[in-house]
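Some notes on the structure that comes next.
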Amino acid sequence: RLACEYIEKNYRENINLNKISNYVSLSKNYFCNIFKKEVGITIWDYLIRIRMEEARRMLLETDLKTYDISEKTGYDDPSYFGRLFKKYTGFTPTEYRESSRKEK
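When we follow my numbering, the leftmost residue of the sequence shown carries the number 14, and every step to the right adds one.
As structure tokens, then:
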């Protein structure tokens, strides 16, 4: 629970395993095992899910450019963000925004 709260509050930052495991006062390996057992996905998959859901929200509710959304969700490289977004949703960020606007 503590790790999830930490990620949800800090997903915009450069989060690494040391920061999270220190925050919850567990060793990195033990923390990773416990997290996957309790949550059902890896810590990195959880972080990506939080970031992608926020990116989806921003694409639908704002007119921010994709590179701004990339930065605001913790990705320094907009092209990496775009590839990850497509892998997660099946759409590029632009396609996602345009398809949601056509539905309205």
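Glycine included, C-beta positions come from ideal geometry on N, C-alpha and C.
Whole-angstrom distance between residue j and residue i, CA atom to CA atom
i   : j    : result
S38 : D89  : 28 Å
P91 : L30  : 23 Å
L73 : P106 : 10 Å
I56 : E108 : 28 Å
K22 : I33  : 12 Å
Three-state secondary structure assigned by DSSP to residue i
i   : result
R64 : helix
N35 : helix
Other residues of its chain near residue i: CB distance less than 8 Å, five sequence neighbours each side excluded
i   : result
E26 : G87
Cβ pair residue i, residue j closer than 8 Å
i   : j   : result
L77 : I20 : no
Y24 : I82 : no
Original post:
Using 8 Å as the threshold, is the stretch 62-72 in touch with the stretch 93-109, meaning 3 or more CB pairs across them?
Top reply: Cβ pair count under 8 Å is three or more, so yes.
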